[in-house]
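Peer 1: Let me begin by handing over the structure; questions about it come next.
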Amino acid sequence: MTAIQDTPGAAGAVGLQAAFDAALANDERIEPRDWMPDKYRATLIRQIAQHAHSEIIGMQPEANWITRAPSLRRKAILMAKVQDEAGHGLYLYSAAETLGVSRDELLDKLHTGRQKYSSIFNYPTLTWADVGAIGWLVDGAAITNQVPLCRCSYGPYARAMVRVCKEESFHQRQGFESLLALSRGTEAQHAMAQDAVDRWWWPSLMMFGPPDADSTHSAQSMAWNIKRHSNDELRRRFVDICVPQAEALGLTLPDPDLRWNEERGHYDFGAIDWDEFNEVLRGNGPCNEQRLANRRRAHDEGAWVREAAFAYASKHMEAKG
Ligand code: FAQ
């Protein structure tokens with residue numbers, strides 16, 4: 003969209019707002035130099051930053067298993083996947099920077115607990131099967147949530163999501179394949195796969211955020227075409243996708259209330275423990291402290307790399323005059 007570029011003194015605020023509204027009504031993209039309401043900008047910074055933080059904190063649970071992967075093939079796949087998550091973080095921090103914030107500022111907010119990351123990454127990876135369960139369920143939930151974000155009204159975020167979703171699809175498939183191998187393996191391997199699914203199922207459903215009635219941002223984000231579906235709608239879609247996949251895996255989902263509802267055309271499922279979700283958000287999940295401490299340490303230990311890169315770039319700028 004180019005019609006509403008922010009040229010101070012050109013049109014009045016009312017005209018800018020009207021042009022912004024018209025762009026949304028026509029399902030057009032808003033680009034970095036376009037005028038946008040302050041709250042739209044703030045909402046995007048919040049969501050994209052939280053998403054970026056999730057990608058880089060999300061490297062930790064799986065990286066925990068790189069040195070212990072059961073074969074060279076599994077190790078190579080896992081290393082590539084964890085590197086992909088770092089790459090997703092980079093696309094997303096770059097998208098956030100187009101809104102006028104710096105990556106340093108966002109990382110500082112993460113490190114000081116002023117911005118969140120996804121609840122899911124505060125759970126431990128206890129066995130190798132957890133790596134498969136994360137690929138199948140966590141990446142599966144991420145794709146369900148993120149495919150509609152490819153149509154988000156903010157151009158840089160939407161475009162980043164296209165590439166992220168392609169890579170997440172590969173992650174989901176490798177997780178499924180890894181779990182399938184375990185499920186069809188020895189009795190102990192099958193039990194390990196089932197145990198991992200038992201532990202990751204409910205936290206994966208929580209990834210979609212609080213129920214619609216408690217979702218503070220959904221209505222406004224949907225009006226702005228940032229979110230295209232509500233939290234509950236995407237959660238239902240995810241459950242419908244997972245049930246036949248669990249059957250194909252030969253594993254059960256840990257929910258006695260899970261059954262097909264002919265009338266609704268969806269699976270009914272049991273109550274989610276929202277107290278647990280809220281505790282994790284308050285910093286009291288099993289791994290919150292460890293995840294943030296690792297992140298801060300990695301940042302501090304990487305200071306020399308940032309300084310060297312900065313010095314190198316400055317030297318080249320000087321050389322160019
Ligand atoms: N965890 O009003 P809503 C991945 C907060 S990437 C923590 O419904 P909204 C890839 C929310 O911020 C996973 N906090 O909020 C991967 C708000 O608090 P605030 C990340 C949560 O934004 C795979 C409050 O609750 N994906 O997995 C969570 O409209 C494998 C009220 O909630 C994204 O970030 C939560 N689960 O909807 C990496 C996708 N849910 O800020 C490694 C983009 C809600 O007011 C390995 N984000 N909150 O203090 C979104 O689609 C949305 O932001 C939602 C939340 C749907 C997450």
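All you need for our numbering is the position in the sequence shown, starting with 1, plus 2. Here a beta-carbon is modelled for each residue, glycine too, at the ideal position from N, C-alpha and C. All values reported here derive from a predicted model rather than from experimental measurement.
1) Do you know offhand how far Ile47's Cα is from Asp234's?
2) I want to check one thing, is the minimum distance from the CB of Val140 to the heavy atoms of the ligand FAQ below 7 angstroms?
3) Thinking Phe240 and Phe271 are a contact (beta carbons under 8 angstroms), I'd like their distance in whole angstroms, please.
4) Grab me the residues of Asn147's own chain with a C-beta within less than 6 angstroms of its C-beta, minus the 5 sequence neighbours each way, in chain order.
5) Answer yes if the region 88-98 comes into contact with the region 258-265, meaning at least three C-beta pairs across the two stretches below 8 angstroms, and no otherwise.
6) Compute the distance between the beta-carbons of Glu64 and Val133, then report whether it is under 8 angstroms.
7) Given a threshold of 16 other Cβ atoms within 10 Å of its Cβ, counted over all protein chains shown, does His318 qualify as buried or as exposed?
8) State the start and end residues of the unbroken alpha helix (DSSP H) segment that holds His219.
9) What would DSSP say about Arg261, mapped onto helix, strand or coil?
10) Who are His113's beta bridge partners in DSSP?
11) Rounding to the nearest angstrom, what Cα-Cα distance links Asp8 and Trp138 in this structure?
12) Assign Lys229 to buried or exposed, taking buried as 16 or more other Cβ atoms, counted over all protein chains shown, within 10 Å of its Cβ.
13) Would you be able to state if there are at least three C-beta pairs under 8 angstroms between the region 26-45 and the region 155-171?
14) Is His318 near the ligand FAQ - that is, is its Cβ less than 7 angstroms away from at least one heavy atom of it?
15) Per DSSP, what are the beta-bridge partners of His268 in this structure?
16) Count Cβ pairs between the region 299-313 and the region 273-284 that sit closer than 8 angstroms; are there 3 or more?
17) Excluding five sequence neighbours on each side, which residues of the same chain lie with their C-beta closer than 7 angstroms to the C-beta of Gln191?
18) Give the C-beta separation of Ile59 and Tyr119 to the nearest angstrom, bearing in mind that I take them to be a contact with Cβ-Cβ under 8 angstroms.
19) Excluding the 5 residues flanking Ile79 on each side, which residues of the same chain have their C-beta closer than 7 angstroms to its C-beta?
20) Can you determine whether any heavy atom of the ligand FAQ sits closer than 7 angstroms to the C-beta of Leu283, and answer yes or no?
21) If we call anything under 8 angstroms between Cβ atoms a contact, is His301 one with Leu109?
22) Given a threshold of 16 other Cβ atoms within 10 Å of its Cβ, counted over all protein chains shown, does Phe312 qualify as buried or as exposed?
23) Work out the CA separation of Lys168 and Ala24 for me, nearest whole Å.
24) Provide the residue span of the alpha helix (DSSP H) that contains Ala71, from first to last.
25) Do you know how far the Cα of Asp40 is from the Cα of Leu283?
26) Only counting runs of 4 or more residues, tell me where the alpha helix (DSSP H) segments fall wholly within the region 162-186, in order along the chain.
27) I'd like to confirm something about Ile79: is its beta-carbon nearer than 7 angstroms to some heavy atom of the ligand FAQ, or not?
28) Tyr125 bridges to which residues according to DSSP?
29) Measure the alpha-carbon distance for Ala248 versus Thr127 and round it to whole angstroms.
30) Bridge partners for Tyr156 per DSSP, in chain order?
31) Evaluate Leu251 with the Cβ neighbour count: other Cβ atoms within 10 Å of its Cβ, from every protein chain shown; 16 or more gives buried, anything less gives exposed.
32) For the ligand FAQ, is there a heavy atom less than 7 angstroms away from the beta-carbon of Glu57?
33) According to the neighbour-count rule (16 or more other Cβ atoms, all chains shown, within 10 Å of its Cβ), is Ala20 buried or exposed?
34) Does any heavy atom of the ligand FAQ sit closer than 7 angstroms to the C-beta of Ser120?
Peer 2: Let's see:
1) 23 angstroms
2) yes
3) That pair is no contact at about 10 angstroms.
4) Leu236
5) At 8 angstroms Cβ cutoff, the stretches do not touch.
6) yes
7) exposed
8) Where His219 is concerned, there is no enclosing alpha helix (DSSP H), given that its DSSP letter is neither H nor E.
9) strand
10) Its beta-bridge partners do not exist; DSSP assigns none.
11) In this prediction, Asp8 has a pLDDT of 49, which is less than 50 and means its spatial position is unreliable; nothing more can be read from the coordinates.
12) Lys229 comes out buried.
13) They touch, by the three-pair rule.
14) no
15) Asn263
16) no
17) Leu184
18) Yes, Ile59 and Tyr119 are in contact; Cβ-Cβ is about 5 angstroms, under 8 angstroms.
19) So the qualifying residues of the chain are Gln176.
20) Yes, the ligand FAQ has a heavy atom inside 7 angstroms of this Cβ.
21) yes
22) With fewer than 16 other Cβ atoms inside 10 Å of its own Cβ, Phe312 counts as exposed.
23) 31 angstroms
24) Taken as a continuous stretch (DSSP letters only), Ala71 belongs to no alpha helix (DSSP H), as it is neither H nor E.
25) 26 angstroms
26) none
27) no
28) DSSP lists no partner for Tyr125.
29) 20 angstroms
30) According to DSSP, which records beta bridges pairwise, Tyr156 is partnered with Ile32.
31) buried
32) yes
33) exposed
34) yes
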